Amino acid sequence: MYDIVGKKRWYFLFSALITIPGLIFVLLGGLKPTIDFTGGTVWEIRYASNPTPQAVQQELVTLGHPEAQVTRLGDGYLRIRTSPVDLLPAATTAPSASLAPATPSATASASASTSATAKPSPSPTPSASASAAVSARSASPAVVPGTPFDDLEKALIKRFGAPQGGGPRSVTTVGPIIGSDLIRSSAILIIIGELFILAYLWIRFGFRFGTAAIVALLHDVVVVVGTFAILGYLFGLEFDALFVTALLTIIGFSVHDTIVVFDRIRENRIRHAGEPFGAIVNHSILQTLGR
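Listed below in structure tokens is the structure:
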């Protein structure tokens, strides 16, 4: 019979090798949450001049977004991520436009929102190439004219040329309040689940077995979190709300497997009374491997 318990030191060593590096990368900031948690605006776009991510990021810094992150996707598109940028016009835009006297900026804004048959505004116009780029971009359904995001995109288009398809192919924004609420809800959900599991195991198996089950559960969670931290640090992999769902699933399966083994240990302690505890545990683990 294979002696699993007798080789426990090797398993402890293997466990340390897969958990300690993960914890180190967690401390190094390897866990990279998506905007679901942090809040922000993400859009995917491809400019005519095909600029490098570094060039776009530097331009965003110039435009007042030093936190911006730009990465190139496999199909050549750029994924741009910034702090939250409004995709809707301010609520006071319409009333102020109707009451305030006409100004050059107001005239330019109104001309941008009119149809192609409207007469051009007498205000100065940009260069021909910049005008063509902005006109091509105005056809994109992902961007609402007259919004902060629209202004930001216009500035990027003037710098890098008209985007493929007339504008971003996708735009997503999440406010910081929603992101913080999601983090808090996820943490509360996991903590409450852990407490209920701990109480159940203590009642059913006693303090020693219940504590061992929680340690095993935390070990499984740390392995997954550490793996994502390593991938995030090395390759920029981000985790989203589905990651929390995956953790809860892992917790459920981990507890289920632990309960199966503990039940078999409890039964074998009665059937094989007098045998060394290590032998009973080893025999119980071997009996449950098939499950």
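Whatever position you read off the sequence shown (first residue = 1), add 3 for this note's numbering. Cβ atoms here follow ideal geometry from the backbone N, Cα and C, with glycine treated the same way. Remember, it's a predicted structure, so these values are computed and weren't measured experimentally.
Would you call the stretch 166–186 and the stretch 37–55 in contact, with 3 or more CB pairs under 8 Å? yes
Using alpha carbons as the reference points, say which of VAL226, THR55 and PHE163 lies closest to ALA19. The residue you call residue 19 lines up with position 16 of the sequence shown. Taking only the C-alpha atoms, the option nearest ALA19 is VAL226.
Give the single residue among GLN72, ASP184, LEU66 and GLY25 whose Cα lies nearest to the Cα of GLN57. Sequence index remark: in the sequence shown, residue 57 carries index 54 (1-based). Ranking the options by Cα distance to GLN57, first place goes to GLN72.
At what residues does the alpha helix (DSSP H) containing GLY213 begin and finish? Position 210 of the sequence shown, counting from 1, holds the residue named residue 213. Where GLY213 is concerned, the enclosing alpha helix (DSSP H) stretches over 210–238.
Selection from GLU62, SER86, PRO87 and ASN53 that minimises the alpha carbon distance to ASP78: Start at 1 with the first residue of the sequence shown, and residue 78 comes out as number 75. Measuring from the Cα of ASP78, the nearest candidate turns out to be ASN53.
Going straight from the alpha carbon of LEU234 to that of ARG274, what length do you get? For the purposes of this step, residue 234 is taken as residue 231 along the sequence shown, with counting starting at 1. For the purposes of this step, residue 274 is taken as residue 271 along the sequence shown, with counting starting at 1. Rounded to the nearest angstrom, the two C-alpha atoms are 47 Å apart.
Can you list, in chain order, the stretches of the beta strand (DSSP E) that have 3 or more residues and sit fully within the stretch 4–85? Entirely contained in the stretch 4–85, the beta strand (DSSP E) runs reaching 3 residues are, in chain order, 43–48, 72–75 and 81–85.
VAL258 burial status per 10 Å Cβ neighbour count (16 or more: buried): Taking the first residue of the sequence shown as position 1, residue 258 is located at position 255. Burial call: buried.
What separation, rounded to the nearest whole angstrom, lies between the Cα atoms of LEU220 and LEU198? Position 217 of the sequence shown, counted from the first residue, corresponds to residue 220. Position 195 of the sequence shown, counted from the first residue, corresponds to residue 198. Looking at the two C-alpha atoms, the distance is approximately 12 Å.
Residues in its own chain within less than 6 Å of GLU62 by CB, not counting five upstream and five downstream? The residue labelled residue 62 in the question sits at position 59 within the sequence shown. Correct list, in chain order: ARG162.
Beta-carbon contacts of GLY178 that lie in its chain and below 6 Å, excluding the five residues immediately before and after: Mapped onto the sequence shown, residue 178 falls at position 175. Excluding its 5 nearest sequence neighbours in each direction, GLY178 has C-beta neighbours in its own chain below 6 Å: GLY42 and PRO87, listed in chain order.
Looking only at its chain, what residues have a beta carbon closer than 6 Å to the beta carbon of TRP205, apart from the 5 residues adjacent to it on each side? Within the sequence shown, residue 205 is the residue found at index 202, counting from 1. Closer than 6 Å at the Cβ level, and outside the excluded window around TRP205, lie GLY213.
Are the stretch 259–272 and the stretch 230–250 touching by the rule of at least three beta carbon pairs closer than 8 Å? no
Confirm, please, whether the CB-CB distance from ILE21 to ILE288 is below 7 Å. One-based indexing of the sequence shown puts residue 288 at position 285. One-based indexing of the sequence shown puts residue 21 at position 18. Result no, Cβ atoms of ILE288 and ILE21 do not sit closer than 7 Å.
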